[in-house]
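When we follow numbering that gives the first Met the number 0, the leftmost residue of the sequence shown carries the number 0, and every step to the right adds one. All C-beta atoms in this analysis are idealised placements derived from N, C-alpha and C, irrespective of residue type, glycine included. Since we're looking at a predicted model, the values are computed, not measured. Take a look at the structure set out below.
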Amino acid sequence: MSDHATCMYEGCNRPSEVILELGKSQIWLCREHFNQLAYRMLRAAERRGTVSLKDLRVVETGNGKIRILIKRVKSVKK
Ligand SMILES: [Zn+2]
């Protein structure tokens with residue numbers, strides 16, 4: 000087991016409450032950042048119809064901190 004005790008989101012030092020499994024990596028998030036991510040995924044799903052964990056991209060920002068991006072899908076315009 001890893002001993003992460005704090006949220007891995009950049010700039011956040013709150014205790015982690017949620018573990019997100021993304022491929023091989025485990026992302027530890029506090030409740031607030033988890034909610035924020037869930038909200039962003041919901042909004043992305045509204046725009047494009049579907050979004051999954053595979054659409055998330057984790058960017059390491061150093062010191063074990065990360066940022067989570069939702070991959071953009073090129074919009075298909077008629
Ligand atoms: Zn956090």
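Within 8 Å, do at least three Cβ pairs link the stretch 26–37 to the stretch 2–12? yes
Identify the continuous beta strand (DSSP E) that holds residue 71 and give its terminal residues. Unbroken run through residue 71: none, as it is neither H nor E.
Alpha helix (DSSP H) runs wholly inside the stretch 4–53, at least 4 long, in chain order: 30–47
Excluding the 5 residues flanking residue 21 on each side, which residues of the same chain have their C-beta closer than 8 Å to its C-beta? 52, 55 and 57
Answer yes or no: the CB of residue 8 versus the heavy atoms of ligand 1, is any distance below 6 Å? yes
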